[in-house]
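Undergrad: The opening residue of the sequence shown carries number 1 in the UniProt record's numbering; numbering runs sequentially from there. By construction, the Cβ of each residue, glycine as well, lies at the ideal position given by its N, Cα and C atoms. Pasting a structure below so you can have a look.
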Amino acid sequence: MKRRVKPEVLAPAGNLRGLKTAVDYGADAVYCGGKAFGMRSAPRNLSIEDFAEGARYAHERGARVYVTLNILPRNNEITAIEAYINDLKTTGVDALIVTDIGVMMLARRIAPELELHVSTQAGVTNYLAANALYELGARRVVLAREMDLQAVRDIRANIPDDLDIETFVHGSMCMAFSGRCLISNYLTGRDGNHGECAQPCRWKYSLVEEKRPGQVFPVEETAQGTYLFNSQDMNMMAHIDDLIDSGATSLKIEGRSKSAYYVAAMTNAYKTAVNAYMVQRGFEDEDGNELKPFRDRVVRAGETADDAAGADSIMANADAAFCGMPNWDSANDEGEETAAATTDAAADAEISNRAARRSGLDRQRAYAEETADGWRHAAVRPAPHVELPDWLMEEPYKVAHRDYSTGFYYPEQKVTQNTDRSAYFREWLVVGETLGWSPDEGGRVTIMSRNKIEPGQLVEFLLPGRAPLEYIVPDHGIRDADGDDVPMVNNPAHVFSLPLDVEVPVNAALRSRTKKPTLKAE
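Written as structure tokens, this is what we have:
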């Protein structure tokens, strides 16, 4: 298939149904794992036959399929990996997602027709690494999750345009650097780097004092203890424009262990948001027809930046992030009061020097202090903020989620931990899915029930490419599988039909707000 020339929405799939659901709801590409050698073993994952069927299904609808081969392999796994790659190259999938350089070179030799994407597990944090991987055959780098937006810009400005940048846009965050963690292996014997993570970062922790064994003390003064490493989820819906403008080629939704409903809802939401971006930036019309070729707004190395903004808010905070100076908001060793009272430029410089020395890092000063012959952050040509409809902003809250953050993209509002719980919020519940629609009798929809549906209840049909269809269940017209009238839908996993004068597709989810929001582990 031809490479994409516009931002890609990349959706997860834990099985063949999830793959097809992602494609049906607008995914430009789907990433999924096989029965081995992937970083997620909890989902059912796909067989070789599933990959072949999934690739056909995706290609017929203009989408692509990427396969995770991103474990850190042991010596005794190399022969099996070689055989696995030989099998995969016959299925029609489009790319392999790899971490290990040896596996990357093996795949390049065995299956040169497959694109090679370097996993976030490789911890790519700079353009030097990205360019080196490009020379080795990579056509995409999945950046470390710890990168801020300015770092994404800087990488984009200094790598070839045909090297894709993939960044996370939504879903669970890992407390370990780029997901490389040994806690699960140490505590449980389940290797997180082989897809068996027990997620001990989500567990509840307390202190035990040496001379008082058996007596636990919460790390924080709560009756429930604390969840030390339990990171918030990511939600970049409101900042799609910043991410794409900064050079991200592919927007990755996390969640191969999630339900088909989650995949459908988040894929539809982010695909619709990207479409809105393309229209408001003038690349496409409302029908998706190209008006001009897509190009991000990063000023490349060697380009003039006459029409670029100066130090925008992202650039101004660049050295505060993972890739810059730590303790950026600290003053000096004597405390913030000294900085607040200091107005002399030389004194300010000395404070900055002290902070740099205290950190033990030899890094460049903030953007304003950079010299003409030194390192400069990549600028971005200014553009109005992309406005998204309210229903899109609400979609992330209609799936199970932890508290949301914007990850590490904005150093002034970094991701933190949910220290009081590890459960998910559930404010909406899937109550059924459609089996078919008929125009008979003014229109009827047949559903497979999942939860109770009763007259007067507000239900939403999740539809691809548009806002959800709101539907108030009528007092009459609810029928069971035999066609008999019933007062309500009150049996899960049974077939019912409802009057509906709007055609809806097969497998569309029906959801309804819960009467009382719940916290539930997932």
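Quick check on the DSSP output: the alpha helix (DSSP H) that includes Asn86 runs from which residue to which?
TA: Counting from 1 along the sequence shown, the entry for residue 86 is found at position 86. Segment Ile78 to Leu88, the alpha helix (DSSP H) holding Asn86.
Undergrad: Just to confirm before moving on: does the CB-CB distance between Thr21 and Val263 stay below 8 Å?
TA: As a first step, residue 21 is located in the sequence shown; it is residue number 21 there, counting from the start. As a first step, residue 263 is located in the sequence shown; it is residue number 263 there, counting from the start. Contact: yes.
Undergrad: Counting pairs of Cβ atoms below 8 Å between the segment 469–486 and the segment 394–402, do you hit three or more?
TA: Taking 8 Å as the limit for Cβ pairs, the verdict is that the segment 394–402 does not touch the segment 469–486.
Undergrad: Quick check on Val502: buried or exposed, where buried means 16 or more other Cβ atoms within 10 Å of its Cβ?
TA: Here residue 502 is taken as the residue at index 502 of the sequence shown, counted from 1. Counting Cβ neighbours within 10 Å, Val502 comes out exposed, since fewer than 16 surround it.
Undergrad: May I ask you to verify whether the segment 113–120 touches the segment 72–80, counting CB pairs closer than 8 Å and requiring at least 3?
TA: No, the segment 113–120 does not touch the segment 72–80.
Undergrad: Give me, in chain order, the residues of the same chain whose beta-carbon lies closer than 6 Å to that of residue 585; leave out the 5 immediate sequence neighbours on both sides.
TA: Beyond the ends of the chain as shown, which are 1 and 522, falls residue 585; an answer cannot be given.
Undergrad: With a Cβ-Cβ cutoff of 8 Å, do Tyr270 and Ile244 count as a contact?
TA: On the sequence shown, residue 270 is found 270 positions in, with the first residue counted as 1. On the sequence shown, residue 244 is found 244 positions in, with the first residue counted as 1. No, Cβ-Cβ distance for Tyr270 and Ile244 is not below 8 Å.
Undergrad: With a Cβ-Cβ cutoff of 8 Å, do Ala157 and Arg381 count as a contact?
TA: The sequence position of residue 157 within the sequence shown is 157, counting from 1. The sequence position of residue 381 within the sequence shown is 381, counting from 1. Contact flag unset, no.
Undergrad: Return helix, strand or coil for Arg74, following the three-state DSSP convention.
TA: Here residue 74 refers to the residue found at position 74 when the sequence shown is read from its first residue. Coil.
Undergrad: Closest to Ser512 by CA distance: which of Arg140, Met173, Asp484 and Pro468 is it?
TA: For the purposes of this step, residue 512 is identified with residue 512 of the sequence shown, where counting begins at 1. If we check each option's Cα against that of Ser512, Pro468 comes out closest.
Undergrad: On a Cα-Cα basis, can you pick out the residue from Met315, Leu429, Phe408 and Thr434 that is closest to His377?
TA: If you number the sequence shown from 1, residue 377 lands on position 377. If we check each option's Cα against that of His377, Met315 comes out closest.
Undergrad: Grouping DSSP H, G and I as helix and E and B as strand, with all else coil, what is Glu334?
TA: Taking the sequence shown and counting its residues from 1, one reaches residue 334 at position 334. Low local confidence applies: a pLDDT of 38 at Glu334 is under 50, so the model's placement there is unreliable, and no value is given.
Undergrad: Going straight from the alpha carbon of Val124 to that of Val430, what length do you get?
TA: Here residue 124 is taken as the residue at index 124 of the sequence shown, counted from 1. Here residue 430 is taken as the residue at index 430 of the sequence shown, counted from 1. Taking the straight line joining both Cα atoms gives about 38 Å.
Undergrad: Which residue from Ser231, Arg108 and Phe168 puts its Cα closest to that of Ala423?
TA: Residue mapping note: residue 423 aligns to position 423 of the sequence shown, counting from 1. Taking only the C-alpha atoms, the option nearest Ala423 is Ser231.
Undergrad: Give the straight-line distance between the Cα atoms of His170 and Arg139, rounded to the nearest whole angstrom.
TA: Taking the first residue of the sequence shown as 1, we reach residue 170 at position 170. Taking the first residue of the sequence shown as 1, we reach residue 139 at position 139. Computed Cα separation, rounded: 23 Å.
Undergrad: Shortest alpha-carbon distance to Arg109 belongs to which of Arg444, Glu82 and Glu460?
TA: For the purposes of this step, residue 109 is taken as residue 109 along the sequence shown, with counting starting at 1. Measuring from the Cα of Arg109, the nearest candidate turns out to be Glu82.
Undergrad: If we count Cβ pairs, one from each stretch, closer than 8 Å, do we get three or more for the segment 232–241 versus the segment 438–452?
TA: Counting Cβ pairs under 8 Å, fewer than three are found: no touch.
Undergrad: Going along the chain, which residues of its own chain have a beta-carbon closer than 6 Å to the beta-carbon of Glu166, five neighbours each way excluded?
TA: By 1-based counting over the sequence shown, the position of residue 166 is 166. Same-chain partners within the cutoff: Arg140, Val142, Ser250 and Lys252.
Undergrad: Taking 7 Å as the limit between beta carbons, can you name the residues of its chain near Asp154, skipping five residues before and five after?
TA: Numbered from its first residue, the sequence shown carries residue 154 at position 154. Same-chain partners within the cutoff: Tyr127, His377 and Ala378.
Undergrad: Just to confirm the assignment: which complete alpha helix (DSSP H) runs, minimum length 4, are found wholly within the segment 25–65?
TA: Taking only runs of at least 4 residues, the alpha helix (DSSP H) segments lying wholly in the segment 25–65 are 48–60.
Undergrad: Could you compute how far the alpha carbon of Lys211 sits from the alpha carbon of Ala36?
TA: Sequence index remark: in the sequence shown, residue 211 carries index 211 (1-based). Sequence index remark: in the sequence shown, residue 36 carries index 36 (1-based). Answer to the nearest angstrom: the Cα atoms are 45 Å apart.
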